[in-house]
Amino acid sequence: MRKQSRGFTLIELIVVILILGILAAIAAPKFIDVTSQARAASLNGLRAAVSSASTLANALQVASNLASNASVTVQGQPVTMANRYPTPTAAGIVVTLNADPGVFTSAFAGNLATFQVTSASNPATCQFTYDTSNTASGQSPAIVAASTGGC
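Here it is as structure tokens:
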């Protein structure tokens, strides 16, 4: 006796394609928002790096028994310090970071440094600040929680 081989019917193929289409329609929005989540995670990573760099520069200055405004050397670069913490300038906290300038931008005003993600849809709402206004009283700099609404 000869066996007959049978393939899929047209109805079965349409049902499978329909199920795959429904799954794709549900899963696609989950993957579309991945870039903004990646930018937000990148910003939070930089925030943690700023906090660590500030603490390590402070520890280096204290361990070296230097004056509170004496600069320290990090990775061969001098870091300007004020009240035992890196200043919110390009010669201060930015030198300690060694971050990619193409990914993050920084702006400085008085005792405040603002870090933003360059490629964010709205950089003003994808940022955090490094504030040294309270270091005169011996406290560590305030690193304000990241605003990730426009990432």
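Our numbering applies: residue 7 is where the sequence shown begins, and numbers increase by one.
Every residue, glycine too, gets a C-beta built ideally from N, C-alpha and C.
If residue i and residue j are in contact, beta carbons under 8 Å, what's the gap, nearest whole angstrom?
i    : j    : result
V68  : S77  : That pair is no contact at about 14 Å.
Q133 : S153 : 6 Å
D137 : L118 : 5 Å
A113 : T120 : 5 Å
Can you have a look at residue i and say buried or exposed, based on whether 16 or more other CB atoms are within 10 angstroms of its CB?
i    : result
I25  : exposed
Q122 : buried
L52  : buried
F14  : exposed
P94  : buried
L49  : buried
R12  : exposed
V109 : exposed
T41  : exposed
V56  : buried
Do residue i and residue j have their C-beta atoms closer together than 8 Å?
i    : j    : result
A151 : I99  : no
A73  : Y91  : no
S127 : G156 : yes
T141 : N71  : no
Check residue i in the structure and name its three-state DSSP category.
i    : result
T79  : strand
L103 : helix
S146 : coil
T138 : coil
V109 : coil
T124 : coil
Can you give, in chain order, each stretch of the beta strand (DSSP E) that sits fully within the stretch 47-93 and has at least 3 residues? DSSP runs (the beta strand (DSSP E)) wholly in the stretch 47-93: 78-80 and 83-85.
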